[in-house]
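Asker: Just passing along the structure, written as structure tokens.
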Amino acid sequence: MTSRLISANLLLGLAPIALVIAAWQGLVSFGFAPATLLPPPGYVFSRLLQQLVSWTFQQEIAATLVRLFAGFAIAVVLGVSIGIAAAANPAINAVVRPIVRVLAPLPKVALYPALLLLLGFGHGSKIALVTADALFPILLSTYYGASTVEQKLIWSAMAAGTSRYEILFRVILPAAMPSILTGCRIGLVISCIVVFLAEMITSTDGLGHALVTAARTFQAVDMFVPLITISLLGLILNALLGAVRSYLLRGFPEA
Amino acid sequence: MKVVPSRSSEWVKPVASQKPASAIIEIDRVSQVFQTSARKDHLALSDISLTIEEGAFVSILGPSGCGKSTLLYIVGGFVSPTSGAARIKGQAITGPGPDRGPVFQEFALFPWKTVLGNVMYGPRQQGVRASEADALSRSLIEMVGLKGYENFYPKELSGGMKQRVALARTLAYHPEVLLMDEPFGALDAHTRTRLQNDLLNIWERDRKTVLFVTHSVDEAVFLSDKVVMMSKSPGRIRQVIDIDLPRPRRRSELLLDPRYQKYVVDIERMFDESDEAGSAT
Amino acid sequence: MISPTALTRRAAPVLACIGLLAVWQVASLVLKNDSFPTAIEAIRAVPDILGDKEALINILASLRRMAMGFGVAVLFSIPLGLLMGRSRAVAAFFNPLLMVIYPVPKAALMPIIMLWLGVGDVTKTLVIFLGVSLPVIYHSFEGAKAVEEKMLWSGAAMGLSPLQRLVRIVLPAALPEILTGCRTGLVLALITMITSEMIARQSGAGNILFNALDMGQYDTVFAMIIIVGAMGICLDAIFERIRARLVRWSEPQFDMPLSFS
Chain A
384 MTSRLISANL LLGLAPIALV IAAWQGLVSF GFAPATLLPP PGYVFSRLLQ QLVSWTFQQE
444 IAATLVRLFA GFAIAVVLGV SIGIAAAANP AINAVVRPIV RVLAPLPKVA LYPALLLLLG
504 FGHGSKIALV TADALFPILL STYYGASTVE QKLIWSAMAA GTSRYEILFR VILPAAMPSI
564 LTGCRIGLVI SCIVVFLAEM ITSTDGLGHA LVTAARTFQA VDMFVPLITI SLLGLILNAL
624 LGAVRSYLLR GFPEA
Chain B
237 MKVVPSRSSE WVKPVASQKP ASAIIEIDRV SQVFQTSARK DHLALSDISL TIEEGAFVSI
297 LGPSGCGKST LLYIVGGFVS PTSGAARIKG QAITGPGPDR GPVFQEFALF PWKTVLGNVM
357 YGPRQQGVRA SEADALSRSL IEMVGLKGYE NFYPKELSGG MKQRVALART LAYHPEVLLM
417 DEPFGALDAH TRTRLQNDLL NIWERDRKTV LFVTHSVDEA VFLSDKVVMM SKSPGRIRQV
477 IDIDLPRPRR RSELLLDPRY QKYVVDIERM FDESDEAGSA T
Chain C
17 MISPTALTRR AAPVLACIGL LAVWQVASLV LKNDSFPTAI EAIRAVPDIL GDKEALINIL
77 ASLRRMAMGF GVAVLFSIPL GLLMGRSRAV AAFFNPLLMV IYPVPKAALM PIIMLWLGVG
137 DVTKTLVIFL GVSLPVIYHS FEGAKAVEEK MLWSGAAMGL SPLQRLVRIV LPAALPEILT
197 GCRTGLVLAL ITMITSEMIA RQSGAGNILF NALDMGQYDT VFAMIIIVGA MGICLDAIFE
257 RIRARLVRWS EPQFDMPLSF S
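Rendered as structure tokens:
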């Protein structure tokens with residue numbers, strides 16, 4: 384009964400996606416949009432498959448992934464450690480809080496020209512931009528998770544003889560884990576988006592660059608392919624992190 | 237309806253022996269099935285029939301999970317029964333309406349409205365003029381003992397005060413029947429007795445019909461004219477007991493009254509028996 | 017009267033700004049890099065940009081498109097999110113589509129939409145609309161889903177119709193969450209605006225940034241960064257003020273922007 388319900392919901396959910404693709408096909412088939420501006424979906428997807436197995440395109444994906452993971456990893460390390468430190472220590476909190484308050488709503492992409500000037504046009508500036516954008520969601524949700532840890536949990540651990548330092552790693556970090564992972568998930572998708580945009584603005588390789596190259600030569604199909612690729616990457620990475628999350632949080636209720 | 241035979245059946249008097257009153261709510265062979273998991277159905281209510289007279293204070297008493305709240309929600313029209321029907325004044329209940337006012341354990345106040353705003357909400361919805369609704373609401377707020385708190389937001393009130401506001405909010409649109417779903421269940425013991433006393437005092441004024449769900453035997457006996465005892469899995473009416481105690485009731489007098497004590501002890505004993513019978517099967 | 021603690025709390029962000037600028041000043045003096053002007057030099061260049069009529073018109077045009085895109089997105093997203101939160105069928109219908117759209121870089125659609133609709137205001141506003149919609153839909157959805165059932169029942173008992181319940185109970189009850197989404201959306205509107213202008217390089221604040229970069233006017237580059245950063249911080253602070261006023265009644269929330277989705 385429940386499984387039937389789920390499959391009914393799935394069908395309902397696939398309907399709008401099917402509708403979008405049908406409308407897309409319809410626009411081309413009935414001549415509302417010329418194929419040069421809006422290539423038919425079948426053409427785009429076959430081109431996507433063709434590109435995914437080509438060496439040059441794989442190179443572009445690799446370049447994007449390197450920047451994506453480097454930036455994201457730095458953001459996780461910085462975000463989690465600053466977040467925990469700010470939650471655990473009032474002095475650090477007093478310094479970090481106002482700085483975060485100012486920097487969080489700042490459009491990080493505006494820093495990109497400055498990063499280009501300081502770190503050059505290679506990997507460095509793009510990785511730094513990804514880090515800057517992914518940092519705050521991770522930092523804030525770590526801080527939130529760590530500062531809302533049940534006081535009685537800490538008292539219980541202290542009563543059992545855990546030292547203050549150990550409590551940080553044995554109690555606060557695991558207790559804040561659900562919140563940290565939520566932040567990481569948001570940060571990861573943001574990383575995907577930002578690395579692509581950075582490559583579009585200025586780059587010599589990567590998926591974003593592939594789109595810009597296609598746009599300069601008005602190759603509509605090749606504009607769709609990198610865009611779909613980065614979105615697929617986002618979905619896949621999101622699902623992977625979801626799997627990691629449900630593994631790490633198997634003891635938590637409704638994780 | 238099955239009535240489990242009991243030693244205490246001497247109290248099950250025919251309703252006609254009370255003052256003649258007309259039925260306001262009729263519950264007719266109501267059953268409710270919930271789907272709990274993929275293949276399991278849970279029979280929450282099984283073939284319940286019950287008649288409630290106008291002006292009566294009726295408690296539905298039973299262990300948690302016996303479907304007593306579900307029964308109340310069916311009367312409220314919030315949940316529709318799997319089979320059977322509930323009627324108010326002969327009209328089938330198809331949905332919620334201002335003739336039946338709920339008071340929930342969770343208070344369910346509108347947090348974005350002040351105390352006054354909450355109480356005024358119902359009358360305004362019924363088309364009462366603002367000045368009139370304002371005057372009515374202020375007098376109700378005073379009646380539930382919250383004069384001076386008109387402009388407070390719910391988050392600034394204690395649990396007991398929130399429940400007073402919820403009661404005033406429901407009384408404000410003059411429902412014919414009050415549906416109270418374990419209203420004092422979330423309160424501490426002290427607040428609970430105070431609210432019970434106040435509820436009785438308010439009820440004495442106009443003797444509205446009250447359907448009151450609770451799992452506390454004291455509370456049911458103290459407040460009610462009639463106690464409907466329910467047993468669980470499946471939820472059935474076990475017995476209906478008339479509480480023949482004088483009104484107005486004073487807590488201090490009642491607690492010393494042997495008749496009150498006997499009601500409480502006997503009802504508790506009946507539940508114990510059914511627990512043993514239940515664990516034996 | 018403002019108490020000393022409240023005063024420090026209000027002054028803290030200002031102090032943080034001054035601190036960050038000081039760090040910048042010291043770093044640039046130490047690095048002695050031609051392409052990295054000091055904070056003071058950059059601040060000196062700010063009035064030049066704002067005094068330049070063409071630049072100012074460009075920036076104001078950007079802001080107008082941003083306001084348009086944000087406004088339309090909010091008007092569209094809140095009702096959709098609320099409906100999704102109260103109806104399982106509506107949620108099941110839209111959720112997968114939104115999940116697929118979620119990781120698409122919205123500003124990257126700029127070249128494609130330009131292909132169809134040209135480089136006019138419609139294209140730029142549409143891209144901002146796309147950028148803002150998702151977080152607002154998501155938060156409205158979450159807010160509506162969390163509305164207590166018993167509160168709706170109370171409303172139904174007072175005679176509110178389903179539509180009235182949506183407007184008069186679900187909307188206000190979900191408002192704190194909706195406004196959190198709008199706050200995220202506002203910052204995203206600014207980000208999408210700047211990014212799409214950097215990609216399209218036609219006009220606007222993002223374009224000024226890269227023109228200055230190409231021409232080696234490093235003071236202007238950094239001055240523009242200060243201007244854009246100030247816009248983000250001010251918009252966020254103003255919106256936070258409005259939000260706090262609107263939902264005074266709600267339980268105190270975590271006062272940092274938590275969600276960036």
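Those protein sequence lines, which keep their order, are chains A, B and C. Sequential numbering from 384 applies to the first sequence in this note's numbering. Sequential numbering from 237 applies to the second sequence in this note's numbering. Sequential numbering from 17 applies to the third sequence in this note's numbering. Quick reminder that beta carbons are idealized off the backbone N, C-alpha and C, glycines included. All values reported here derive from a predicted model rather than from experimental measurement.
#1: Is there a Cβ of chain C sitting closer than 7 Å to that of A:C575, yes or no?
#2: Is there a Cβ from chain B that is less than 7 Å from the Cβ of C:G175?
#3: Alpha carbons only, please: which of C:V163, C:T208, C:T200 is nearest the one belonging to A:P520?
#4: C:G197: which of C:G220, C:L176, C:G147 sits nearest, CA to CA?
#5: Is C:T139 buried or exposed, if buried means 16 or more other CB atoms sit within 10 Å of its CB?
#6: Report the CB separation of A:L489 from C:G87 in whole angstroms; it is logged as a contact under 8 Å.
#7: Round the Cβ separation of B:E418 and B:T445 to the nearest angstrom and send it over; I've been treating them as touching at under 8 Å.
#8: Taking beta-carbon pairs under 8 Å, can you tell me which members of the region 252–268 of chain C lie near chain B?
#9: Beta strand (DSSP E) containing B:G337: first to last residue?
#10: For B:D264, which residues of its own chain have a beta-carbon under 8 Å away from its beta-carbon, when the five flanking residues on both sides are left out?
#11: Quick check on the burial criterion: 16 or more other C-beta atoms within 10 angstroms. Buried or exposed for C:A22?
#12: Helix, strand or coil, according to DSSP, for B:H278 in the structure here?
#13: Which chain A residues are close to C:F157, counting only those with a beta carbon under 7 Å from its beta carbon?
#14: If you measure from the beta carbon of C:T54 to each beta carbon in chain A, is any gap under 7 Å?
#15: Three-state secondary structure (DSSP) at A:F452?
#16: Please classify A:C575 as buried or exposed, where buried requires at least 16 other C-beta atoms within 10 Å of its C-beta.
#17: Please list the terminal residues of the continuous beta strand (DSSP E) segment that includes B:G320.
#18: Use the C-beta contact count for B:K238: other C-beta atoms within 10 angstroms, 16 or more gives buried, fewer gives exposed.
#19: In the DSSP output, what is A:S539 paired with across the bridge?
#20: Just the C-alpha distance for C:I144 and B:L414, rounded to the nearest angstrom, thanks.
#21: So A:V478 is in the alpha helix (DSSP H); what residue range does that whole segment cover?
#22: What are the residues in the region 68–96 of chain C lying within 8 Å of chain A by C-beta distance?
#23: Since C:A228 contacts C:M240 with CB under 8 Å, what's their CB separation in whole angstroms?
#24: Between the alpha carbons of C:M130 and A:P424, how many angstroms are there, rounded?
#25: Is any beta-carbon of chain C found at less than 7 Å from that of A:M384?
#26: From the DSSP output, read off the bridge partner residues of B:D417.
#27: Please list, in chain order, the chain A residues whose beta carbon lies closer than 7 Å to that of C:V211.
#28: Run through chain B and tell me which residues come within less than 7 Å of C:M278, C-beta to C-beta.
#29: Run through the region 431–488 of chain B for me and flag every whole beta strand (DSSP E) of 3 or more residues, listed as ranges in chain order.
#30: Counting only C-beta atoms, is A:A474 closer than 7 Å to chain C at any point?
#31: Do you know whose CA, among B:T427, B:R400, B:D424, B:K391, lies nearest B:M416's CA?
#32: So, A:L632 versus A:P561, is the Cβ gap smaller than 7 Å?
#33: Which of the three DSSP states, helix, strand or coil, is assigned to B:F293?
#34: Bridge partners of A:V554, per DSSP?
#35: Are the C-beta of B:F507 and some C-beta of chain C separated by less than 7 Å?
#36: Candidates A:L420, A:L624, A:A626, A:S614: which alpha carbon is nearest C:L114's?
Answerer: From the atom records:
#1: yes
#2: yes
#3: C:T200
#4: C:G147
#5: buried
#6: Actually they are not in contact, since the Cβ atoms of A:L489 and C:G87 sit about 23 Å apart, beyond 8 Å.
#7: Incorrect: roughly 18 Å between the Cβ atoms, too far for contact.
#8: V263, R264, W265, S266, E267
#9: 336–340
#10: S285, G320, A321, A322, R323
#11: exposed
#12: strand
#13: Neighbours of C:F157 on chain A: none; closest Cβ ~14 Å, over 7 Å.
#14: no
#15: helix
#16: buried
#17: 319–324
#18: No answer about B:K238 holds up, because its pLDDT of 41 lies below 50 and its placement is not dependable.
#19: Beta-bridge pairing links A:S539 to no other residue.
#20: 51 Å
#21: 473–486
#22: none
#23: 7 Å
#24: 19 Å
#25: Only weak support exists for where A:M384 lies, its pLDDT of 45 falling under 50; the value from the coordinates is given anyway. So, not an interface residue.
#26: B:F340, B:V449
#27: Checking the sequence, you will find Thr at residue 211 of chain C rather than Val. Near C:T211 (Cβ distances below 7 Å), the residues of chain A are V492, L580.
#28: Because chain C in this structure spans residues 17 to 277, residue 278 of chain C falls outside the shown range and cannot be described.
#29: 445–450, 462–467, 472–478
#30: no
#31: B:R400
#32: yes
#33: strand
#34: None; A:V554 has no bridge partner.
#35: no
#36: A:S614
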